[in-house]
Structures are given as C-alpha cells and as structure tokens.
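Taking it in order: structure first as structure tokens, then the write-up.
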Amino acid sequence: MSSTKRDFYEVLGVGRDADEDTLKKAYRKLAMKYHPDRNHGDKDAEPRFKELNEAYDILKDGEKRAAYDRFGHAAFEQGGAGGGGAGGGPFGGGGFEDIFEEMFGRFGGGGRGRGQPTGRGADLRTQVEITLEDAFAGTKTNIRIPTSVSCEACKGTGAEGGSSSGVQTCATCNGQGKVRAQQGFFLIERTCPTCSGSGRTIKNPCKICHGAGRVQRERTLNVTVPPGVEDGTRIRLTGEGEAGMRGAPAGDLYVDIAVKPHPIFQRDGSNIFIRVPLRMTQAALGGHVEVPSIDGGRARVTIPAGSQTGDQFRLRGKGFSVLRSAARGDMYVQVSVETPQNLTATQRELLEQFEAEAVTGGKTSPESEGFFAKVKEFWDGLGR
1 MSSTKRDFYE
11 VLGVGRDADE
21 DTLKKAYRKL
31 AMKYHPDRNH
41 GDKDAEPRFK
51 ELNEAYDILK
61 DGEKRAAYDR
71 FGHAAFEQGG
81 AGGGGAGGGP
91 FGGGGFEDIF
101 EEMFGRFGGG
111 GRGRGQPTGR
121 GADLRTQVEI
131 TLEDAFAGTK
141 TNIRIPTSVS
151 CEACKGTGAE
161 GGSSSGVQTC
171 ATCNGQGKVR
181 AQQGFFLIER
191 TCPTCSGSGR
201 TIKNPCKICH
211 GAGRVQRERT
221 LNVTVPPGVE
231 DGTRIRLTGE
241 GEAGMRGAPA
251 GDLYVDIAVK
261 PHPIFQRDGS
271 NIFIRVPLRM
281 TQAALGGHVE
291 VPSIDGGRAR
301 VTIPAGSQTG
311 DQFRLRGKGF
321 SVLRSAARGD
331 MYVQVSVETP
341 QNLTATQREL
351 LEQFEAEAVT
361 GGKTSPESEG
371 FFAKVKEFWD
381 GLGR
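Position one of the sequence shown corresponds to residue 1 (my numbering), numbered consecutively onward.
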C-alpha cells in the first residue's frame, strides 16, 4: 500500500530539487552502507537496500520522476491509491491506466470514445492535366478513381442485411479497438487482435464484403478547378477518398493539377508573357502589332521606332486572375528583333548601301557604337 511507503526523496536523503549528480552520489553512499553483503545478520539491511534501489530507479528516470512528483506512489501501483475504492486516491482508484491517460492522453489528442468506429479510409491522390486556358478560366473535369466504397448490401455495417443488431461491441477490447499491456512503468498499446481495431465484432458477416463494410469499385467524380490555379496546385475533396471500415469515415481525395505547356504564352504567377518576333524593318521603323490575349481576345500593341530585342510592353489587367481574388495580373509583350535571311540580290544591295551610310553617318546604332568605343579605350589602355 502506498501509505506504508516512505517518500522516495526521503529514502535517498535528498531534496526534491536534487539534480542527477546529487541523486547518484546519495544512492551510492547509502547502497554501500546497506548492501546485504556488508551487513550479515542485519535483517533490516536487505529491505532498506531494496527500498533504496526502488527509489533511485524511479528518480533517476526523467519520465518516472515526473510521474512520481505529480502522482506519488499511485503512479506505480496497479490498484490505485488508497485501497482502490471510488475516491480512494487522486484518481478514484482507476489505477495505472487512468494515470497514464491523465498524463499523456490530453497531449496525444485524447482517447477514442467507446463504440466509435475506427479504420478511417485511406486518403487517395490523383492528377488532372489541364490547358493554360482552362487554368485561366476554370473548368470542370471528370476523373475515374478505383477505390473502396461502402458496401450497398450491408449499408457499410459489415453485417448481413445491414442489421445493426448483428454488430456487437468487441469483448476483448471493450470497444476501444486497442488492448494494453503494462510493462513496468510503461503501458504498451496494440491494435486489438479480435476486431482488428474496429472495436466491434459481427455475428453474421455480409456475404458480399465479408464483414469489411466496403467493396472495390471504380467511381467517377466531377472536379471543379477554380480560375487562376497554378501548376502543382492541390485540391482536396473531403470524404471522397477510400471508404472506412464498417461505417467509419471515408478518407479524402487529393487532386494535383498539372498545367500543360502553351505554344505561345508563358506564365509567371498572375502575370503572363508572350514573345513577339519583329522584322528588322518593323523594329527600326516602328508600327503596330496585334497579339492574342489569354482570354481569347486581341490586343493592339504600339511598337516604337528603334525597338530592340528584350524590350517589353505591359498590358495591365490582361494576365491571370489571382486565386480567390478579383484582382488580375498583367500581360507582357516581349520584343525579339529577327535578322533577315535568304536575301535577294536587290535586298542585299540595299542593306550594303544602308551599312555604308550608317558607318559614315553614325548615330543609327548607338549601343553598338558605344560598345566598340569602350573596346577601343580598353585596347588603348593596354598600348595595343
């Protein structure tokens, strides 16, 4: 009985704030003093030595010491404190299981109530590929999922005919779905071998699902993809995963969105980019180009005379919708000046004439002229 035991700190002769080193020194000193081999004929030496070992074994272990500090000797007695009657201790005689639940149950999310179904269905994952246009506007698509569904014959109960009277609380685990075995201070918890964790047993199992409450089927689901989704977006469909065992909740279905590459547009967040190649003469003289927008419309862009490769022009509000927002990104038109190929004799002659005049007249290619001026300064500085 805990009432006959001395306080463990008193046994070792240390205070409750004693550190590990102090405990060890106190134990070694007293163990040598009361060791039975050194106290032949002393009937009190052996019980005292066992008392020392018990006290030190508890207090040297951080978890055991915490339990002892909080609950005293009751933490290590199967029958509870004060004789095991209702109210006969800090836990009403519930014993070690209740102490364990009191200490750790709340931190682990609490225990499962009796009779609650276990075996929640597994979460499933699939992928849907859509176009960039669908990602912009949003879309609905059908997907086919091979999965476990609730058995129609037994209405998911696992019992023949769907009768709830055939479902009984498991006698082994008392509906908990788990069984426990105490090993010293620790309580080992395992899935109940009788009911496989469901907490229930079935007297007459359903012949279709063999008592599982679910069967394998292929389901077709309609998935709504909202406007503005990006490549890699994951959509969760709650309760659309695998059916649970014997009426337990179903898991969730996760749909990963993959957006196909587009031949014209590139996306960066809510902004969209389009690369427009220009003829050399277009870039030199300026003008207008008509480009498509992601919403299917057309946009007219003014190209200033003398535009260079890499120049870009912004069209506000022509980009993607921002997910779960009324805002929209912008569209950027990027210019790429194309050098002419396969020239005719006349075209070549005209370009040679232009080049000759450009060299003598100057100021037609300021970036080029500026670069080579710096190169000349560099070489002059090296004395070349």
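All residues carry an ideal CB built from backbone N, CA and C; glycine is no exception.
Taking the continuous beta strand (DSSP E) assigned at Gln282, which residues delimit it? Not the beta strand (DSSP E): Gln282 falls in the alpha helix (DSSP H), residues Met280 to Leu285.
Three-state secondary structure (DSSP) at Val128? strand
At least one CB of chain D closer than 7 Å to the CB of Asp311: is that the case? The chain labelled as chain D is not found in the depicted structure, where only one protein chain is given.
Can you name the residues that DSSP bridges to Arg298? Pro292
Does DSSP put Val167 in a helix, a strand or coil? strand
Answer with buried or exposed for Phe365, where buried requires no fewer than 16 other C-beta atoms within 10 angstroms of its C-beta. Here residue 365 turns out to be Ser, not Phe, going by the sequence shown. Classification for Ser365: exposed.
Classify Glu242 as buried or exposed, calling it buried when 16 or more other Cβ atoms lie within 10 Å of its own Cβ. buried
Does the distance from the CB of Cys173 to the CB of Val179 come in under 7 Å? yes
Please go through the same chain and pick out, in chain order, the residues whose beta-carbon is closer than 6 Å to the beta-carbon of Lys5, but skip the five residues on each side of it. His73
With distances taken between CB atoms, is the gap from Gly158 to Ser150 smaller than 7 Å? no
Taking the alpha helix (DSSP H) that Glu392 falls in, what are its first and last residues? Beyond the ends of the chain as shown, which are 1 and 384, falls residue 392; an answer cannot be given.
Applying the 10 Å Cβ sphere with the 16-neighbour rule, what's the burial state of Gln176? buried
Beta-ladder partner(s) of Asn342, from DSSP: In DSSP, Asn342 forms no bridge with anything.
Go to Val322, then tell me how far its beta strand (DSSP E) extends in each direction, as first and last residue. Counting along the chain, Val322 falls outside any beta strand (DSSP E), and DSSP gives it neither H nor E.
Can you round the beta-carbon distance between Val259 and Ile130 to whole angstroms, since I take them to be within the 8 Å contact cut? 6 Å
What separation, rounded to the nearest whole angstrom, lies between the Cα atoms of Leu343 and Gln308? 22 Å
Boundaries of the alpha helix (DSSP H) in which Gly69 is found, first to last residue: Looking at the sequence shown, residue 69 is not Gly but Asp. Gly62 to Phe71 is the extent of the alpha helix (DSSP H) around Asp69.
With DSSP as the reference, label Ser3 as helix, strand or coil. The pLDDT assigned to Ser3 is 48, lower than 50, so where the model puts this residue is not dependable, and the model offers no usable value.
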